[in-house]
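**Q** Sequence positions in the sequence shown follow mature numbering (1 follows the signal peptide of the UniProt record, and there is no 0) and run -30 to -1, 1 to 1024.
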Amino acid sequence: MYELSRRTLLGTAGAVGIGAALAAHTPATAAVPSPSPSAPPAAAPAARADAPGAALAALQRLLPDHAAQFTLRTVTGPERFEVTGTAGAVTVTGTSAAVLLTGVHWYLKYVCRAHISWAGSRVVLPARLPAPAAPLRRSATVPHRFVYNDTHDGYTAPYADWPRWERQLDVLALHGFNEVLVTAGMEAVYHRLLTGFGYSDTEARTWLPAPSHQPWWLLQNMSEFGGPMSTALIERRAELGRRICDRLRELGMRPVLPGYFGAVPDGFPARNPGSDARVVPQGTWGGGMRRPDWLDPRTKAFADVAAAFYRHQADLFGEVAYFKMDLLHEGGTPGDVPVPEAARAVETSLHTARPGATWVILGWQSNPRPLLLDSVDRSRVLVVDGLSDLDTVTDRETDWGGTPYAFGTIPNFGGRTTIGANTDRWTEKFTAWRDKAGSALVGTAYMPEAAERDPAAAELFSELAWREEKTDRAAWFADYSRIRYGGDDPAAREAFSALAATAYKLTSTDGRPYDSLFSRRPSLTTAIGTAFDPAGFDRALAGLLDVSPGLRDSDTYRHDLTDVARQALANRSRTLQIALRAAWRAKDADTFRAVSAVFLKLMLLTDTMAGCHRMFLTGPWLEDAKRLATSPEEAVRLEATARTLISTWADRPTANTLGNYANRDWQGLMADVHLPQWEAYLAEAGDALAEGRAPKSFDFYPQEEAWTKERGAYPVRPTGDAHRTAQRVFDTLSRAPYQGVVTVTVDPPAFTPGSTGTLTASFRNLNGLRATGRVDFALDGPDAEPDGEPALDGVPEGGTGAVSWRVTAPEGELTEPLVPMEYRLTTQYGPLSEERVTSAQSGSVHLAAPLEPRWRTFTSNAAVFGQLGGRLAINGAGSDLWRGTTQFGTAYLPQAFTSGASVVVRVDAQDNTGTWARAGIAVRNALAEPMDAGFLNLAVTPGQGVALSFDTDGDGTIDSYGRILGVTAPVLLRLTKDGGTAFTGACSTDRGATWRTVATVNVPGAAAAQDVGIFMSATNGGSGARGTVRFSGWSLTGAAAAGRDGARPGTAEW
């Protein structure tokens, strides 16, 4: 965006050599405040006199043997850097210490083929640094480059000390970030605050949770867990927070601190008699943890507390200009407090204490809502969007009314060890959104719930803000392979090409990679879907193993090989789950036990593989907690909280909802927590199959809780050789059985009596490391003749083959709308030259009575439809009908639902394919348009009652609901279009004698005339299960139906 001439750079720069830079270095405590946020959007902070010295001090930490070869100069104006020089004398010019470091890192990457990251580094440099072949020039295309999530200080390293933080801040500067969320030490602010408002020292310290759980306390989700904190620990953490903020200022970066929006402990009004304090109870969170009360922001008491809060915060951490606040986070309730008034009051307190400050808000799901944004000064708000990379998010200018926002992502949840990110959406959307007319995009926001994961994704995202041009992903990943390992290696390029095509090009609708089942609580009902092709991913493992021996001796290589081999193993957890579930459904105990043995073997190998790099060890996580403690007793307590966060999360109620949320394939955690659980679970399931009984239920919490109380030490250094162990992983996976999946399709989808069609069995070899041998198929059940030999000579690694049969349906009159014709398909297969195994699956093809001509159909769940008189049935699958996943089948009347219309239908029967399986009435502006607005449905479910679910923001996805519990099919459902965009759902369990209102909702974007019909979704969570729903008694009344498709005026019914 800015053309920078050498004359401009050198004319305003102050050159500094090594001696001068050291002499000019200013201590962090003397740093000037960060720049005013009211500076023009494209302008940089004014160049600091000590910026070269601060940058050089960082280089001495990072490159102690080469720092003296850099000359650092500062300039004013828009943020930019330039790298020039000769061999052994490299000159970097930039607008701040952090930008200088960004320029140094660009030089290291693209000239020296060296890399410094938060997950593995390789800095093998010649004694004399090379000169750039041409000047390297880059400008920041956006002023805000935000990093970290609210949960970062919990899931990354809650007990990190200053040396670790110092390294992390240096790395952030190298990557061009300039705004960093800091939560460490905030407990000291609240301790001072509470003791000034009627609470004793003990009460205040008891309310403060352990550092491991403080992020959720700051979000007003919970308190107290793991406490009380000692005075010494509070002081130690406050000092850490101060050092972090001071260093950020020294580097020319901006700390972003939590603001005050009303969290208080129990009894606040009683402890402050005479004040106007009133609180709104916030209920519970996470399965049972009591949320802190919310102090009404409209009161003078709130203003007084907020003023004290900001005063203490400034005293402890210095002046800042950016404050992160999310009102009523994850289920908070405003009670009788109007949200606009509350938001204005929160903003007033902020600006009274910090005139001109910027309120930073997370963009997540439907937040921030227009109701809030319309009540505050948008020019002093920055929305850091966590969902920019979802396909359903297309226009943030409309969503947020032109509020400035940062293009952002949350690529990691809980610090899970899964590799994956939406890099294709990043490169496609960022430049397009930034450059479009009227864009409000002013930054980037990289917000993994835990840092120090997925260095390739972090690297690519960090460069977006520094590239005027759209990033070429293929070229970028090829370059990255050279940067990461220090040489141009075909095998390394192939590895990253495979990663770019799989893990870094996710297919999940929620933008998340799927996690490892090895580190989940055992279950056979977990979703089987994957967010990328696991066989294609195997190419990355093969490529990394083949990297030239001369490039293997680096931390970056050992990290990546460990991570990729671990991920290849984790991918098999989902592949084998398919085989486990198929054996379970087939009641095949022998096969179930055989698959179980493979599953457990790979878990144990995962533990071994994870031991090959420090970042996959449990030991350092626990040792950090003990080292930060200020007494032996505190060390015991802090270690317990560290263990808890990565297992039960908190206590028993919370464990039922958040247990194993962190989902980490770590050495030690895998062998001592997850493996014993899976061993017991699979053994019991196998025995139950063999004995023809139901398996007993499992309570995993006691075993997990016992582990949180243990004190055994774990290794803190790698225990194995990464290449040798990864080769063992390769050999094991290439030979492992049960790495195939068969998908059955039918053409036509449903048969009429006496008709013929084709049933096709497609076999996918999920083993990306070896081809199969011969694959044989056998089909039992329907009247079917194979089209040729039902066998395949072999299927290549990651390949597909298919066989088919000609099926003839039986003659005869139908008595039901849908009649299943059951089949059983068996498949024999195995890796080439290995023993074959047999898998079996059962299913149905359907005879269907045809629908009346007036009905249209749409399916995104492979549904089939049938109608016989006044009865109708739908059979289909579907993993979910919520947010970005919209899988359902519907028979509907187009544009038949207008103001005043009411539709009634009886759901006679519903198969239980999941607790949230849905069947009932669907409405949308156009039901066959996947992202159309005006979307809602009234549905009965097997386990969640009757729910009226709807789209709250017009983005075409269901994201909210009202419901009545305790109702199942059979039930009458009634949906009325009250007028405009208002709808009311009701249900009756006594054939219409009495009706219960489910909810009345507003659906933005609902058109005057909409499609309306019956629908179903198996909502099977990805299990693949199909179900049938039977309907009767359809009636549509109101002007919408007049004269349509031959119905009498005012009604349309069966």
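Glycine included, C-beta positions come from ideal geometry on N, C-alpha and C. Note that this is a predicted model, so its numbers are computed, not measured.
(1) Which residue's Cα is closest to the Cα of Gly390: Glu149, Thr614, Thr964, Gln537?
(2) Go ahead and label Arg961 buried or exposed: buried means 16 or more other beta carbons lie within 10 angstroms of its beta carbon, across all protein chains shown.
(3) Taking its Cβ as the centre, do 16 or more other Cβ atoms sit within 10 Å of Lys679, making it buried, or is it exposed?
(4) Ends of the alpha helix (DSSP H) at Ile214?
(5) Note down the Cα distance separating Ala810 from Ala549, rounded to an integer number of angstroms.
(6) Going residue by residue through the segment 365 to 442, where are the continuous alpha helix (DSSP H) segments of at least 4 residues, counting only ones entirely within it?
(7) When you compare only the Cα positions, how much space is there between Glu609 and Ile616?
(8) Does the beta-carbon of Thr833 have 16 or more other beta-carbons within 10 angstroms, so that it is buried, or is it exposed?
(9) Are Arg115 and Arg50 close, meaning C-beta to C-beta below 8 Å?
(10) For Pro864, tell me which candidate among Arg826, Glu419, Leu71, Trp852 has the shortest Cα-Cα distance.
(11) Nearest-angstrom Cα distance between Gly256 and Gly301?
(12) The alpha helix (DSSP H) spanning residue 1056 covers which residue range?
(13) Is there contact here, the segment 128 to 148 with the segment 593 to 613, by at least three beta-carbon pairs under 8 Å?
(14) When you compare only the Cα positions, how much space is there between Val815 and Tyr793?
(15) Under a Cβ-count criterion, where at least 16 other Cβ atoms within 10 Å of its own Cβ denotes burial, should Leu817 be classed as buried or exposed?
(16) Looking at the unbroken beta strand (DSSP E) that takes in Glu149, where does it start and where does it end?
(17) By the 10 Å Cβ neighbour count, where 16 or more other Cβ atoms means buried, how is Gly155 classified, buried or exposed?
(18) Should the segment 639 to 651 be regarded as contacting the segment 673 to 692, the criterion being three or more beta carbon pairs within less than 8 Å?
(19) Considering Val789, what are the terminal residues of the beta strand (DSSP E) in which it resides?
(20) Could you name each continuous beta strand (DSSP E) segment of 3 residues or more that falls completely within the segment 707 to 750, going from the start of the chain to the end?
(21) Would you grab the beta carbon distance between Gly146 and Trp396 for me? Rounded to a whole angstrom, and I think it's under 8 Å.
(22) Please confirm whether Thr532 and Met573 have their CB atoms less than 8 Å apart.
(23) Where does Asn392 land, buried or exposed, given buried means 16+ other C-beta within 10 angstroms?
(24) Using a C-beta cutoff of 8 Å, does Tyr160 count as contacting chain D?
(25) Spell out the partners DSSP gives Ala772 in its beta bridges.
(26) Just to confirm, are Gly333 and Tyr375 a CB contact at a threshold of 8 Å?
(27) Count the other CB atoms, across all protein chains shown, that sit within 10 Å of the CB of Asn831; report buried if there are 16 or more and exposed otherwise.
(28) In three-state terms, what does DSSP make of Glu604?
(29) Taking 6 Å as the limit between beta carbons, can you name the residues of its chain near Gln709, skipping five residues before and five after?
(30) Would you report the Cα separation of Ala976 and Ala898, rounded to the nearest angstrom?
(31) Which residue wins for smallest C-alpha separation from Ile380, given the options Thr855, Thr368, Gly356?
(32) At 4 residues or longer, what runs of the alpha helix (DSSP H) sit wholly inside the segment 41 to 95?
(33) Please return the same chain residues whose Cβ sits closer than 7 Å to the Cβ of Phe670, not counting the five positions on each side in sequence.
(34) Is the segment 514 to 522 in contact with the segment 476 to 490, if contact means three or more CB pairs nearer than 8 Å?
(35) Would you kindly report the start and end of the unbroken beta strand (DSSP E) that includes Glu783?
(36) Does the segment 58 to 73 come within contact of the segment 21 to 29, defined as at least 3 CB pairs closer than 8 Å?
**A** Concretely, from the data shown:
(1) If we check each option's Cα against that of Gly390, Gln537 comes out closest.
(2) exposed
(3) exposed
(4) That run of the alpha helix (DSSP H) goes 201 to 220.
(5) 9 Å
(6) 366 to 369, 393 to 405, 425 to 434
(7) 11 Å
(8) It is worth fixing the name first, because residue 833 is Ala in this sequence and not Thr. Ala833 should be labelled buried.
(9) no
(10) Across the set Arg826, Glu419, Leu71, Trp852, the C-alpha of Arg826 shows the shortest separation from the C-alpha of Pro864.
(11) 10 Å
(12) Not covered by the structure: residue 1056. The range shown for the chain is -30 to 1024.
(13) yes
(14) Going by the C-alpha atoms only, they are around 8 Å apart.
(15) So Leu817 ends up on the buried side.
(16) For Glu149, the uninterrupted beta strand (DSSP E) segment begins and ends at 149 to 151.
(17) Around the beta carbon of Gly155, a 10 Å sphere encloses 16 or more other beta carbons of the protein chains shown; the residue is thus reported as buried.
(18) yes
(19) 788 to 799
(20) 710 to 717, 726 to 735, 745 to 750
(21) So it is not a contact: roughly 15 Å between Cβ atoms.
(22) no
(23) With a threshold of 16 other beta carbon atoms within 10 Å, Asn392 meets it and is buried.
(24) Among the chains of the structure shown, chain D does not appear; only one protein chain is present.
(25) Ser732
(26) yes
(27) buried
(28) The answer is helix: DSSP assigns Glu604 an H, G or I state.
(29) Thr545, Leu736, Asn737
(30) 15 Å
(31) Gly356
(32) Segments of the alpha helix (DSSP H) lying fully in the segment 41 to 95: 67 to 80.
(33) Sequence-distant Cβ neighbours of Phe670 in its own chain, meaning closer than 7 Å and more than five residues away, are Arg491, Gln647.
(34) no
(35) Segment: none, Glu783 is in no beta strand (DSSP E) and carries neither H nor E.
(36) yes
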